[in-house]
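Q: For reference, the structure I am asking about is given below.
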Amino acid sequence: MTALTFYTNPQSRGRIARWMLEESGAAYDTVVLDYATSLKADAYRAINPMMKVPAIVHGETVVTEGAAICAYLAETFPNAGLAPTAAERGDYYRWLFFAAGPLEAAVVNRAMKVETEPQMQRMAGYGTFDLVTGVFDAAVSRRPYIAGDRFTAADVYVGSAAMWYTQFGLLPKTEGLAAYIDRLTAREAFRRAAAIDDALLAEAAAKG
């Protein structure tokens, strides 16, 4: 069996990859990195020069970026049934990259109080915050899951975005978003992953 190592910090987007790993059923080792030290060390910079988490190393393959990790694990561990069918593929990739691109850019800009002037909206790539969030709400509200009637790896990333942005008040928690989040947080793998990371946070807090 090819070794798989997961690099993370429980207070980061590493929680996305942890959830995806638990959904995939893959066996993996975890390396918890500290923001002030090991995340910036040469050993980790050789894996991810951006000095951020998550990252996975699967044999000789390095994958960074949450959306890429979700897609990679879905394809690498097909028995979990998380990759898209032919009928789901369009929506799967469309909304996976929508969440990683336009949605994140719009939400981050709003959090930093960056507003796009009307003449710059095409350059911003997402138009306006209201446009992006309205499209996102409609996407998660029309069907049980983002690519159709069943859960896929795209829901791990899209769902994580929905959870975080609404939790921190960066996105309005509409009825559709709330129902989508409830479906995802009821999943056994989500709860298992959250429990692992929450325990790591508690352990770090106890150490001071």
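Using the numbering used here, the first residue of the sequence shown is number 1047, and each one after it goes up by one.
Ideal Cβ positions, reconstructed from N, Cα and C, are used throughout, including at glycine.
Could you give the first and the last residue of the continuous beta strand (DSSP E) run that contains D1259?
A: Absent from the structure is residue 1259, since the part of the chain shown begins at 1047 and ends at 1254.
Q: Would you grab the beta carbon distance between R1189 and D1195 for me? Rounded to a whole angstrom, and I think it's under 8 Å.
A: 6 Å
Q: Check whether the stretch 1094-1107 and the stretch 1060-1067 touch, using three or more Cβ-Cβ pairs below 8 Å as the test.
A: yes
Q: Going by DSSP, what residue range makes up the alpha helix (DSSP H) through F1236?
A: E1234 to K1253
Q: Using only alpha-carbon positions, find the residue among L1142, R1135, E1221 and H1104 that is nearest to F1023.
A: A query on residue 1023 cannot be resolved here, the shown segment of the chain reaching from 1047 to 1254 and no further.
Q: Is there contact between the stretch 1165-1181 and the stretch 1136-1152, where contact requires at least three CB pairs shorter than 8 Å?
A: Yes, the stretch 1165-1181 is in contact with the stretch 1136-1152.
Q: Do A1113 and Y1191 come within 8 Å of each other at the CB atom, strictly closer than that value?
A: no
Q: Return the bridge partner residues of G1194 from the DSSP annotation.
A: Y1191
Q: How big is the Cα-Cα spacing for E1163 and A1241?
A: 43 Å
Q: According to DSSP, what are the bridge partners of I1102?
A: F1052 and V1109
Q: Using 8 Å as the threshold, is the stretch 1175-1182 in touch with the stretch 1229-1241, meaning 3 or more CB pairs across them?
A: no
Q: Can you tell which of W1210, A1092 and K1159 has its C-alpha closest to the C-alpha of L1230?
A: W1210
Q: Determine the burial state of T1048: buried for a count of at least 16 other Cβ atoms within 10 Å of its Cβ, exposed for fewer.
A: exposed
Q: Using 8 Å for Cβ pairs, my map puts A1117 next to A1208. What's the rounded Cβ distance?
A: No, A1117 and A1208 are not in contact; Cβ-Cβ is about 18 Å, not under 8 Å.
Q: Have a look at M1166, E1221 and D1088 and flag the residue whose alpha-carbon is nearest the alpha-carbon of S1187.
A: E1221
Q: Can you tell me whether I1062 is helix, strand or coil according to DSSP?
A: helix
Q: Name the two residues that bound the continuous alpha helix (DSSP H) containing A1200.
A: Its alpha helix (DSSP H) spans residues A1199 to Q1213.
Q: Under 8 Å, do W1141 and A1089 count as touching if we go by C-beta distance?
A: no
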